[in-house]
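Here is the structure we will look at, set down as structure tokens.
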């Protein structure tokens with residue numbers, strides 16, 4: 001039986017079984033409680049999901065709030081990558097730069113991104129820019145740390161071969177350092193997007209926001225609309241799963257050679 005489960009059940013089917021079990025337990029508990037203000041049934045959540053273009057609380061549709069969050073997280077993630085990758089390459093390549101910058105990085109890295117919100121509002125006001133700042137802060141450090149580690153993990157003999165061929169420092173970085181560090185950088189991007197997605201939802205829950213999934217969830221909570229909260233949580237989870245699946249597919253497609261001699 002164990003052999004059959006191991007070799008004949010597709011991976012997605014195993015995950016589907018777990019989802020079905022979770023939903024069954026959820027519905028059973030919801031039925032026993034009989035209180036939609038405590039735990040809505042999955043059918044109520046699905047009714048919200050099946051009508052993504054209908055206006056719900058706040059005057060926006062589910063799809064419009066989702067697109068707002070996606071715009072914010074993609075913008076913040078892109079900005080974080082544009083800053084963190086070059087800086088990580090520089091720190092990883094220059095041990096002297098690392099001695100100066102590493103203490104600052106290690107002090108700032110543990111600070112929760114949401115703790116920066118008062119500064120974000122003071123510097124950028126309420127709205128898109130402050131949310132963007134929080135996302136950049138959250139997404140920045142996973143990319144930076146992985147980029148530095150990726151550069152430091154490059155095999156020394158690759159650098160020696162480039163030096164034997166009289167490559168300039170710029171050529172070494174372009175032809176050896178960046179390609180050699182890319183698999184680890186990619187892992188940093190994968191982790192970073194998940195963090196950015198959590199940050200955007202948390203930032204949108206704060207006062208002053210007017211759209212996005214985080215705003216929708218908090219507004220629904222104030223009105224006791226838990227089925228809308230559930231729908232928002234499902235969208236967040238599905239997008240997170242989809243993004244992670246894309247990153248995993250990219251890793252398998254472009255960096256499948258990693259770990260092989």
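In full-length UniProt numbering, the protein residues as written are 1 to 261.
Just so you know, even glycine gets a beta-carbon here, dropped at the ideal spot from N, CA and C.
Would residue i be called buried (16 or more neighbouring beta carbons within 10 Å of its own) or exposed?
i	result
residue 211	buried
residue 65	buried
residue 21	exposed
residue 245	exposed
residue 102	exposed
residue 54	exposed
residue 106	exposed
residue 57	exposed
residue 179	exposed
residue 16	exposed
residue 227	buried
Could you check where the alpha helix (DSSP H) with residue i kicks off and where it finishes?
i	result
residue 72	62-93
residue 124	117-124
residue 146	128-152
residue 37	Unbroken run through residue 37: none, as it is neither H nor E.
residue 204	178-204
Kindly list the residues whose CB is nearer than 7 Å to the CB of residue i, restricted to its own chain and excluding five residues on each side of it in sequence; keep chain order.
i	result
residue 195	138, 139 and 142
residue 192	77, 80, 139, 142 and 143
residue 52	61, 62 and 63
residue 93	151, 173 and 177
Just to check my reading of the structure: residue i and residue j have Cβ atoms closer than 8 Å, yes? What is that Cβ distance to the nearest angstrom?
i	j	result
residue 247	residue 206	Contact doesn't hold; Cβ gap of about 28 Å is too wide.
residue 88	residue 148	5 Å
residue 126	residue 208	3 Å
residue 201	residue 69	7 Å
Taking 8 Å as the limit between beta carbons, can you name the residues of its chain near residue i, skipping five residues before and five after?
i	result
residue 128	72
residue 250	186
By Cβ distance below 6 Å, which residues in the same chain neighbour residue i in space, the five residues on each side in sequence not counted?
i	result
residue 114	202
*For the stretch 209-243, list the alpha helix (DSSP H) runs that are entirely contained and at least 4 residues long, ordered along the chain.*
The stretch 209-243 contains, as complete alpha helix (DSSP H) runs of 4+ residues, the segments 213-223 (chain order).
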